[in-house]
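Colleague:
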Amino acid sequence: MSTSPLRVGLLGLGTVNTAVAQRVVQHAQLLEAHAGRPVVLRGVAVRDTARQRDIDLGEVIVTADAAALVTAETIDVIVEAIGGTDPVLPLLRAALAAGKHVVTANKEVIARHGDELGALAVKHGVALRYGAAAGAAVPMLELFDNALGGDDITSIDAICNSTTNFVLEQMGRGGLTLDQAIAEAQRLGFAEADPSTDIDGWDAAFKLALLAGHAFGGHVDVDLVRRRGIRDVTTADLQRADEMGCAIKLLAHAAWDGSRVSLSVQPTLLVRGGHPLASVDGSRNGVLVQSDLAGTTLLTGTGAGGDPTASAVVNDIVITARDGAAGWRPVPQGSLEVMSADDAECAAYVRIRSSGGAVGDEVAQMLEDRGVPVVSIMMSATDEVVVLTGTAPVSVIANAMDTIDSMPVVDRVLACLEVGGKV
Ligand code: HSE
Numbered sequence: 005m006s007t008s009p010l011r012v013g014l015l016g017l018g019t020v021n022t023a024v025a026q027r028v029v030q031h032a033q034l035l036e037a038h039a040g041r042p043v044v045l046r047g048v049a050v051r052d053t054a055r056q057r058d059i060d061l062g063e064v065i066v067t068a069d070a071a072a073l074v075t076a077e078t079i080d081v082i083v084e085a086i087g088g089t090d091p092v093l094p095l096l097r098a099a100l101a102a103g104k105h106v107v108t109a110n111k112e113v114i115a116r117h118g119d120e121l122g123a124l125a126v127k128h129g130v131a132l133r134y135g136a137a138a139g140a141a142v143p144m145l146e147l148f149d150n151a152l153g154g155d156d157i158t159s160i161d162a163i164c165n166s167t168t169n170f171v172l173e174q175m176g177r178g179g180l181t182l183d184q185a186i187a188e189a190q191r192l193g194f195a196e197a198d199p200s201t202d203i204d205g206w207d208a209a210f211k212l213a214l215l216a217g218h219a220f221g222g223h224v225d226v227d228l229v230r231r232r233g234i235r236d237v238t239t240a241d242l243q244r245a246d247e248m249g250c251a252i253k254l255l256a257h258a259a260w261d262g263s264r265v266s267l268s269v270q271p272t273l274l275v276r277g278g279h280p281l282a283s284v285d286g287s288r289n290g291v292l293v294q295s296d297l298a299g300t301t302l303l304t305g306t307g308a309g310g311d312p313t314a315s316a317v318v319n320d321i322v323i324t325a326r327d328g329a330a331g332w333r334p335v336p337q338g339s340l341e342v343m344s345a346d347d348a349e350c351a352a353y354v355r356i357r358s359s360g361g362a363v364g365d366e367v368a369q370m371l372e373d374r375g376v377p378v379v380s381i382m383m384s385a386t387d388e389v390v391v392l393t394g395t396a397p398v399s400v401i402a403n404a405m406d407t408i409d410s411m412p413v414v415d416r417v418l419a420c421l422e423v424g425g426k427v
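FYI, the numbering for the sequence shown is 5 to 427, going by my numbering.
1) Applying the criterion that 16 or more other CB atoms from any shown protein chain within 10 Å of the CB defines a buried residue, is K253 buried or exposed?
2) Kindly provide the chain-ordered list of residues whose Cβ lies closer than 6 Å to any non-hydrogen atom of the ligand HSE.
3) Do you know offhand how far I86's Cα is from Y353's?
4) In the DSSP assignment, find the beta strand (DSSP E) that holds I356 and state where it starts and stops.
5) Rounding to the nearest angstrom, what Cα-Cα distance links V229 and G364 in this structure?
6) Along the beta strand (DSSP E) that carries G1, what are the first and last residues, could you check?
7) Exposed or buried, D156, counting other C-beta atoms within 10 Å across all chains shown (16 or more means buried)?
8) Could you give the uninterrupted runs of the beta strand (DSSP E) lying entirely in the stretch 384-424, keeping only those of 3 residues or more?
9) What first and last residue would you give for the alpha helix (DSSP H) that runs through I160?
10) Could you tell me whether the stretch 307-314 touches the stretch 9-26, using the rule of 3 or more Cβ pairs below 8 Å?
11) Please go through the stretch 263-329 and give each complete beta strand (DSSP E) segment of 3 or more residues, from N-terminal end onward.
12) Please tell me whether R11 and V44 are closer than 8 Å, where the distance is taken between their beta carbons.
13) Between the beta-carbon of T395 and the beta-carbon of C350, is there less than 8 Å?
14) Is DSSP giving I433 helix, strand or coil here?
15) Quick check: the Cα distance between D153 and V379, rounded to an integer number of angstroms?
16) Skipping 5 residues on each side, what residues in its chain have a beta carbon closer than 7 Å to that of R116?
17) If distances are taken between C-alpha atoms only, which option among D296, M382 and E372 comes closest to R357?
18) Which runs of the beta strand (DSSP E) at least 3 residues long sit entirely within the stretch 108-159? Give them in chain order.
19) Would you kindly check if the distance between the Cβ of H223 and the Cβ of D119 is under 8 Å?
20) By Cβ distance below 8 Å, which residues in the same chain neighbour L215 in space, the five residues on each side in sequence not counted?
21) Taking the alpha-carbon of M411 as reference, which of D183, P377, N169 and S359 has the nearest alpha-carbon?
22) Is the stretch 22-30 touching the stretch 73-82 in the sense that three or more CB pairs, one from each, lie closer than 8 Å?
23) Three-state secondary structure (DSSP) at I82?
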């Protein structure tokens, strides 16, 4: 093993890479002890070199020329935390082609281009590591690569977007509006530069594509994830859920039937005390995995923010210093077949505003007639009814919602959410 220093170049100096730089510069002895060789920061590429930073970088070169940094002779590993694909993708291609290892926290570039970048890394004998891309400090991808390697994995449920988890909690229990809660998530450094990436479920879909890819061994087309964000979740639903002993979470779900994977990201009702992810609150993330040998595995921890994300990034730097490209598992090649939404099944929470009459009885009868089991019916306000159904095809439930909406005893369907686990 080499004993010469591993020379690090950073792309971007936002919340995450500032925390990475602090760790590398201020904890050099700790990293050397873990890596078996020194790790030194040699260069940083930023858009605006004149901007005041919260960190003293001493003699480290700060440049606006990212293209030069990624091919510099003086750099061994490029650490990217800019986010998105532009201008990141060409920079990572250039770094790998120049024989640099790459460490990134960027879920989008890996979800969309990980197969291409992985092949490039293999071709040039370097590693492409992205442990921070899903779950930040929660080692979700590590679980599939280095813990459950001998298991047949059947399903993954994950809370993997801190912004929406925090926002839903603040709207339900904190009394904030959606916009106020998003502004708070931005202030705390959880939200993406464009928070609609979080709110509309894209960030969770990118992460789910990575988790499913590693768990089931193939590339997942992120555009095939059945995706619904949290924009139409109302304070009323969050409060009803709370009264029922439940929580509404943006849940990422993947299941493998032996030949096809079903994938969804959507607001989901979880029973507190019944579903292990229901109590994963605030900026915390969690992943629940079912597999044949291990059974049920649950990991939780902090899923966003500078220090927790830097924890995973610096771990990848340390592994790169220690092992180089050895032990690195290339991004799974070949595409997984994704199950169509028409084949998916779910249980549902339905909140209905009545226009008078025996709305509960009539709705229950209509659902039963269509083969949708009714688990419970509750009056939730003077003119509102909440119905919980058992499992039925998603398309049957969607059609039933249209029918309920047009029933004379119904004013309108106020909400329809999937239910996770048993109710
Ligand atoms: N915006 C992301 C989140 C950051 O809220 O989870 C961490 O990937």
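Ideal Cβ placement from N, Cα and C applies to all residues, glycine included.
Modeller: According to the data block:
1) Here residue 253 corresponds to residue number 249 of the sequence shown, with the count starting at 1. With a threshold of 16 other beta carbon atoms within 10 Å, K253 meets it and is buried.
2) Cβ-based neighbours of the ligand HSE within the cut-off: A140, N165, S166, T167, F194, A195, E196, D202, D207, G307 and A308.
3) Taking the sequence shown and counting its residues from 1, the one referred to as residue 86 is at position 82. Taking the sequence shown and counting its residues from 1, the one referred to as residue 353 is at position 349. One C-alpha to the other measures close to 39 Å.
4) Taking the first residue of the sequence shown as position 1, residue 356 is located at position 352. Unbroken beta strand (DSSP E) run through I356: E349 to S358.
5) Within the sequence shown, residue 229 is the residue found at index 225, counting from 1. Within the sequence shown, residue 364 is the residue found at index 360, counting from 1. Computed Cα separation, rounded: 33 Å.
6) For the chain, the structure presents residues 5 to 427; residue 1 sits outside this window and is missing.
7) Taking the sequence shown and counting its residues from 1, one reaches residue 156 at position 152. Burial call: exposed.
8) Counting whole runs of 3 or more residues, the stretch 384-424 contains the beta strand (DSSP E) stretches 388-393 and 414-423.
9) Stepping through the sequence shown from its first residue, residue 160 is reached at position 156. Here I160 belongs to no alpha helix (DSSP H); instead the beta strand (DSSP E) covers I157 to I163.
10) Contact between the stretch 307-314 and the stretch 9-26 is present, because at least three Cβ pairs lie under 8 Å.
11) For the stretch 263-329, whole beta strand (DSSP E) runs of length 3 or above, ordered along the chain, are 265-275, 288-295 and 299-306.
12) Counting from one through the sequence shown, the residue named residue 11 turns up at place 7. Counting from one through the sequence shown, the residue named residue 44 turns up at place 40. Yes. Within cutoff.
13) Translated into positions along the sequence shown, residue 395 becomes position 391. Translated into positions along the sequence shown, residue 350 becomes position 346. At a Cβ-Cβ threshold of 8 Å, T395 and C350 count as neighbours.
14) This structure leaves residue 433 out entirely; the chain is present only between 5 and 427.
15) For the purposes of this step, residue 153 is taken as the residue at position 149 of the sequence shown. For the purposes of this step, residue 379 is taken as the residue at position 375 of the sequence shown. One detail in the question is off: residue 153 reads as Gly in this sequence, not Asp. Distance between the alpha carbons of G153 and V379: 38 Å.
16) As a working mapping, residue 116 is identified with position 112 in the sequence shown. Answer for R116: T89 and V226, listed in chain order.
17) Numbered from its first residue, the sequence shown carries residue 357 at position 353. Taking only the C-alpha atoms, the option nearest R357 is M382.
18) Listed in chain order, nothing qualifies, since the stretch 108-159 has no complete beta strand (DSSP E) run of 3 or more residues.
19) Here residue 119 corresponds to residue number 115 of the sequence shown, with the count starting at 1. Here residue 223 corresponds to residue number 219 of the sequence shown, with the count starting at 1. Yes. Within cutoff.
20) Residue numbering aside, residue 215 sits at position 211 when the sequence shown is read from its first letter. Result list for L215: A138, M144, L145, F148, I160, A162, C164, A256, A258 and V291, in chain order.
21) As a position in the sequence shown, residue 411 is number 407, starting the count at 1. Nearest Cα to M411 within the set D183, P377, N169 and S359: S359.
22) No, they do not touch.
23) What you label residue 82 is simply residue 78 of the sequence shown in a count that begins at 1. I82 carries a strand assignment under DSSP once its states are collapsed to helix, strand and coil.
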